[in-house]
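Residue numbers (my numbering): 12 to 359.
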């Protein structure tokens with residue numbers, strides 16, 4: 012695992028270096044710095060509550076995902092776990108997807124397999140929402156997206172998003188709706204070691220528990236509303252960053268334009284994840300503003316830098332604060348490394 016993380020981090024650093032070199036090579040950094048210095052502080056600060064609220068809604072949605080099996084989980088514990096996970100993602104891509112369910116399971120007394128499988132469902136919802144956003148944006152402003160990403164094609168979309176989603180949905184369907192898992196354990200492992208088979212069956216049961224929202228239709232509408240809320244709160248900072256910067260090439264920039272820029276950035280981050288999306292985020296934001304809205308390279312880069320700071324900077328700082336809060340509540344670095352156990356508290 013450590014070797015895999017080191018390799019992933021090394022590849023990410025190489026991609027970051029190449030992306031940063033590219034965006035800097037076509038922009039005057041001095042001009043970009045002057046543009047940033049003229050940013051309206053109030054519009055910039057307005058982004059921060061939107062970012063924090065988006066993560067709070069995400070934490071609430073996580074509670075909804077776990078409600079069929081754990082209806083009494085704490086919202087603020089979920090929020091702390093989400094922020095710690097996003098802070099970890101800023102350092103090592105995707106690492107937070109394991110860290111945050113671990114933190115939540117330790118603090119709430121939830122089986123780790125249940126917590127992880129609920130995060131898998133959450134990510135499925137995110138991918139579906141992103142695909143819906145891409146389809147809507149392509150339907151409304153196809154030329155703008157293809158202008159920002161010249162090599163964009165359905166094949167690229169299928170390979171990076173649709174195919175993994177299909178595979179994941181098939182696996183989830185097998186686990187939730189069939190007896191293939193228990194039957195396979197009984198036919199193989201149980202013949203040689205009953206205790207191991209019992210442990211595997213128990214883990215499979217915990218995984219199914221985390222996926223049980225799929226068979227609870229009464230929660231689907233709430234999940235849809237919460238998912239929509241997350242994405243609306245993702246779009247607002249894009250709009251506010253544009254309003255904060257002295258970019259005059261496209262004065263009619265609206266909430267819809269913020270959604271277009273967000274989709275372009277999301278495609279880039281999905282295709283080439285780097286630590287904190289650094290480099291990729293800025294380069295795709297710069298391309299979107301230059302090719303769609305006629306901004307200069309310096310204006311596009313300034314937008315990408317400021318949007319990245321208010322999103323990832325807020326997540327990193329808040330995640331650090333949330334980690335301190337959880338450590339004061341009983342979580343330790345020993346637990347984070349998986350060598351301890353934190354009993355659930357009664358705090359909510």
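Where a beta carbon is used, it is the ideal one built from N, C-alpha and C, also for glycine. Note that the coordinates shown come from a computational prediction; the quantities given were computed from them, not determined experimentally.
Minimum Cα-Cα distance from residue 297 among the listed residues 199, 314 and 214 corresponds to 314.
By the criterion of a C-beta distance shorter than 7 Å, residue 80 is surrounded in its chain by 125, 220 and 223, once the five residues flanking it on both sides are discounted. With contacts defined as CB atoms closer than 8 Å, residue 76 and residue 129 qualify as a contacting pair.
About 5 Å separates the beta carbons of residue 287 and residue 323, which is inside the 8 Å limit, making them a contact pair.
In this structure, the beta-carbon distance from residue 63 to residue 316 does not fall below 8 Å. For residue 88, same chain residues with a beta-carbon under 7 Å away, outside a window of 5 residues either side, are 115, 118 and 119 in chain order.
Nearest Cα to residue 277 within the set 252, 261 and 319: 319. Setting aside the 5 residues that flank it on each side, residue 259 has no residue in the same chain whose C-beta is closer than 6 Å to its C-beta. Apart from sequence neighbours up to five positions away, the residues of its chain that approach residue 113 with a beta-carbon distance below 7 Å are 123, ordered along the chain.
According to the DSSP assignment, residue 46 belongs to the alpha helix (DSSP H) that extends over 40–48. Rounded to whole angstroms, residue 202 and residue 342 show a C-alpha spacing of 39 Å.
For the pair residue 302 and residue 159, the CB atoms are nearer than the 8 Å cut-off. If you compare the alpha carbons of 279, 328, 308 and 309 with that of residue 295, the shortest gap goes to 279. With contacts defined by Cβ atoms closer than 8 Å, residue 59 and residue 321 form a contacting pair. When the Cα atoms are used, residue 312 and residue 331 turn out to be separated by approximately 27 Å. Per the C-alpha coordinates, the member of 150, 101, 84 and 138 positioned closest to residue 121 is 84. Rounded to whole angstroms, residue 218 and residue 90 show a C-alpha spacing of 22 Å.
Where residue 308 is concerned, the enclosing alpha helix (DSSP H) starts and stops at 308–319. Per DSSP, the unbroken alpha helix (DSSP H) holding residue 156 starts and ends at 123–159.
Short of 6 Å from the beta carbon of residue 255, and not among the five residues preceding or following it, lie these beta carbons of its own chain, in chain order: 50, 51, 54 and 55.
Under the DSSP assignment, residue 105 falls outside any alpha helix (DSSP H); it carries neither an H nor an E label. Rounded to the nearest whole angstrom, the CA to CA distance from residue 69 to residue 333 is 15 Å.
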